[in-house]
Amino acid sequence: MRFPLAVLPTPLVRADRLTAALATGPLLVKRDDLTGFGAAGNKARALEHLIGQARRVGAEALVACGGPGSNFVAAVAMAAKVAGLDCEIVLWGDPAGAPNVALARAAGARIVCTGSTDRAEPEIRATRRAAELTAAGTRAVAVPRGGSTPVGALGFAAAATELAAQLAGVRPAAIVLPVGSGGSCAGLLAGLAGTDLDVPVVGVSVSRPPGAARAAVLEIAAECAVLRGGPPPRPDQLELVDAVGAGFGITSAREDELARLALHTEGLLLDATYGAKTFAVAVELLQHGPAGPVLWWHTGGVVPAVAHLTKEAVP
Ligand SMILES: Cc1ncc(COP(=O)(O)O)c(C=O)c1O
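Numbering (UniProt numbering), first residue to last: 1 to 315.
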């Protein structure tokens with residue numbers, strides 16, 4: 001059963017000042033930066049189902065994992081707290097000064113650092129820790145990176161139906177969204193298969209080569225579709241774009257320029273890891289892609305966006 005967290009539907013808006021400045025066709029923005037639960041953005045959708053599942057199995061604690069920049073760690077800590085669950089988070093990297101980690105702590109989560117930059121280790125340790133807690137009498141559930149499981153993806157599958165209703169027959173040339181751990185894009189594909197919205201999905205891979213991201217997305221999407229009892233996702237609907245560029249969370253001058261334009265024309269906050277890179281791909285499609293409106297999914301990342309957009313403005 002879904003545990004309600006988000007304020008849905010999120011708005012679908014036309015960014016007309018932005019496209020006037022770019023002299024392009026229309027851009028539609030799906031405002032999942034406004035999901036209304038903390039600064040969880042797109043992850044509020046996944047967490048409704050992950051928390052629902054944890055409660056269904058009688059869990060008393062969650063053990064999540066991620067990196068110091070992860071928006072999910074703050075989101076899962078807050079979601080666990082409001083659902084009355086304990087939360088531990090296993091982190092790679094250095095959490096010093098990381099606002100999302102501070103937010104997770106403020107929400108009552110216990111943070112455990114691996115002390116290494118190995119991004120795979122926290123997930124293994126989280127699984128082990130959940131088993132230890134359960135054996136010791138506190139039933140605990142491990143949550144993988146980004147909450148990207150077939151159950152978590154159910155949130156974005158429902159978002160596809162939400163979007164189809166908002167579009168009311170308008171067919172975008174493409175839907176552009178970021179791909180990190182892959183659950184959001186996977187859910188979207190699973191959900192779209194159950195609608196008549198036959199639109200290419202452009203997944204912007206920010207942390208790994210597109211081939212690996214594609215395999216992860218399609219695997220979660222297929223399992224999510226089975227859980228929904230709906231039609232299988234269509235692999236031909238998905239195109240993966242490589243946006244790792246200079247590195248995870250490192251933007252190009254062009255991406256920064258466009259993020260600033262989005263701020264100046266529409267008041268949108270774009271972070272370096274997801275927003276700025278994905279938005280640049282959406283603009284590229286507007287300028288050089290097929291005719292028709294492009295739909296860019298703003299997935300949130302508002303906490304790091306403020307740091308990114310203000311880094312030069314702060315004296
Ligand atoms: C702001 C934001 N956008 C996009 C994503 C990517 O979503 P996914 O991990 O489901 O691919 C994340 C992941 O945490 C995120 O925090």
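Just so you know, even glycine gets a beta-carbon here, dropped at the ideal spot from N, CA and C.
- Message: Would you call the region 20-27 in contact with the region 113-120, where contact means no fewer than 3 C-beta pairs closer than 8 Å?
- Response: no
- Query: Going by the C-beta, is LYS43 closer than 7 Å to any heavy atom of ligand 1?
  - Reply: Taking the first residue of the sequence shown as 1, we reach residue 43 at position 43. Checking every heavy atom of ligand 1 against the Cβ of LYS43, one is found closer than 7 Å.
- Hey, how far is the Cα of VAL63 from the Cα of ALA20? Here residue 63 refers to the residue found at position 63 of the sequence shown. Here residue 20 refers to the residue found at position 20 of the sequence shown. In a straight line, the C-alpha of VAL63 is about 46 Å away from that of ALA20.
- Message: Quick check: does the Cβ of PRO231 come within less than 7 Å of any heavy atom belonging to ligand 1?
- Response: Sequence index remark: in the sequence shown, residue 231 carries index 231 (1-based). For ligand 1, not one heavy atom lies less than 7 Å from the Cβ of PRO231.
- Given VAL303, which residues of its chain have a CB within under 6 Å of its CB, disregarding the five upstream and five downstream residues? Within the sequence shown, numbered from 1, the residue matching residue 303 stands at position 303. Excluding positions up to five away in sequence, the list reads ALA39, PRO99 and ASN100.
- Message: Give me, in chain order, the residues of the same chain whose beta-carbon lies closer than 7 Å to that of HIS298; leave out the 5 immediate sequence neighbours on both sides.
- Response: As a first step, residue 298 must be located in the sequence shown, where it is residue number 298. Cβ neighbours of HIS298 beyond the five flanking positions: VAL29, LYS30, ARG31, ASP32, ASP33, LEU268 and GLY275.
- Alpha carbon of GLU123 to alpha carbon of GLY146, nearest angstrom: The residue labelled residue 123 in the question sits at position 123 within the sequence shown. The residue labelled residue 146 in the question sits at position 146 within the sequence shown. The straight-line gap from Cα to Cα measures roughly 10 Å.
- Go ahead and pull the three-state DSSP assignment for PRO235. Reading the sequence shown from its first residue, position 235 is the one you call residue 235. Looking at PRO235 - three-state DSSP - the assignment turns out to be helix.
- Task: Would you check if the distance between the CB atom of GLY155 and the CB atom of ALA77 is smaller than 8 Å?
- Result: Residue numbering aside, residue 155 sits at position 155 when the sequence shown is read from its first letter. Residue numbering aside, residue 77 sits at position 77 when the sequence shown is read from its first letter. Contact flag unset, no.
- Which class does ALA54 belong to by DSSP, given the choice of helix, strand or coil? What you label residue 54 is simply residue 54 of the sequence shown in a count that begins at 1. Here ALA54 sits in helix by DSSP.
- Message: Quick check: the Cα distance between GLY93 and LEU197, rounded to an integer number of angstroms?
- Response: One-based indexing of the sequence shown puts residue 93 at position 93. One-based indexing of the sequence shown puts residue 197 at position 197. When rounded, the distance between both Cα atoms is 41 Å.
- Task: Just mark PRO144 as buried or exposed, buried being the case when its beta carbon has 16 or more other beta carbons within 10 Å.
- Result: Within the sequence shown, numbered from 1, the residue matching residue 144 stands at position 144. PRO144 comes out buried.
- Message: What does DSSP give as the partner residue(s) for residue 316 in the beta ladder?
- Response: With the chain represented from 1 up to 315, any question about residue 316 goes unanswered, as that position is not in the structure.
- Expressed to the nearest angstrom, what Euclidean distance is found between the alpha-carbon atoms of PHE3 and GLY182? Locating residue 3 in the sequence shown gives position 3, where the first residue counts as 1. Locating residue 182 in the sequence shown gives position 182, where the first residue counts as 1. Computed Cα separation, rounded: 21 Å.
- Message: Using C-beta distances below 8 Å, list every residue in its chain close to THR138, excluding the 5 sequence neighbours before and after it, in chain order.
- Response: For this step, residue 138 is matched to residue 138 along the sequence shown. Excluding sequence neighbours, THR138 sits near GLU60, ALA61 and ASP86.
- Query: For ligand 1, is there a heavy atom less than 7 Å away from the beta-carbon of VAL76?
  - Reply: Position 76 of the sequence shown, counted from the first residue, corresponds to residue 76. Outside the cutoff, so no.
- Span of the beta strand (DSSP E) around ARG119: Translated into the one-based positions of the sequence shown, residue 119 becomes position 119. First-last for ARG119: undefined, no H or E at that position.
- Item | Other residues of its chain near PRO271: CB distance less than 7 Å, five sequence neighbours each side excluded | Along the sequence shown, one-based indexing puts residue 271 at 271. According to the sequence displayed, residue 271 carries Asp and not Pro. Closer than 7 Å at Cβ, skipping near neighbours: GLY301, PRO304, ALA305 and HIS308.
- Among the residues of its own chain, which have a CB less than 7 Å from the CB of GLY69, if the five just before and after it don't count? In the sequence shown, the residue the question calls residue 69 occupies position 69. If we look at GLY69 and ignore the five residues flanking it on each side, its Cβ neighbours are ALA98, ASN100, GLY249, THR273 and PRO304.
- If you drop the 5 nearest sequence neighbours on each side, which residues of the same chain put their C-beta closer than 6 Å to that of ARG125? As a working mapping, residue 125 is identified with position 125 in the sequence shown. Taken in chain order, the residues that qualify are VAL90.
- C-beta contact flag for GLY152 and LEU8 at 8 Å: As a first step, residue 152 is located in the sequence shown; it is residue number 152 there, counting from the start. As a first step, residue 8 is located in the sequence shown; it is residue number 8 there, counting from the start. For GLY152 and LEU8, no; Cβs fall outside 8 Å.
- Message: Quick check on GLN53: buried or exposed, where buried means 16 or more other Cβ atoms within 10 Å of its Cβ?
- Response: In the sequence shown, the residue the question calls residue 53 occupies position 53. Looking at its Cβ environment, which holds 16 or more other Cβ atoms inside 10 Å, GLN53 is buried.
- Of the residues ALA135, VAL57 and ARG105, which one's Cα is nearest the Cα of ASN71? What you label residue 71 is simply residue 71 of the sequence shown in a count that begins at 1. For ASN71, the nearest C-alpha among the options comes from ARG105.
- Item | Beta-carbon gap between PRO150 and GLU223 smaller than 8 Å | For this step, residue 150 is matched to residue 150 along the sequence shown. For this step, residue 223 is matched to residue 223 along the sequence shown. In this structure, GLU223 lies closer than 8 Å to PRO150 by Cβ.
- Quick one, are the C-beta atoms of VAL217 and ALA168 less than 8 Å apart? Looking up residue 217 in the sequence shown gives position 217. Looking up residue 168 in the sequence shown gives position 168. Their beta carbons are not under 8 Å apart, which means VAL217 does not touch ALA168 by this criterion.
- Message: Less than 8 Å between the beta carbons of ALA103 and VAL283, yes or no?
- Response: Sequence index remark: in the sequence shown, residue 103 carries index 103 (1-based). Sequence index remark: in the sequence shown, residue 283 carries index 283 (1-based). Residue identity differs from the one stated: residue 103 is Leu in this sequence, not Ala. It is not a contact, given that the beta carbons lie outside the stated cut-off.
- Could you spell out where the beta strand (DSSP E) holding SER205 opens and where it closes? Mapped onto the sequence shown, residue 205 falls at position 205. 201-205 is the span of the beta strand (DSSP E), which, as asked, contains SER205.
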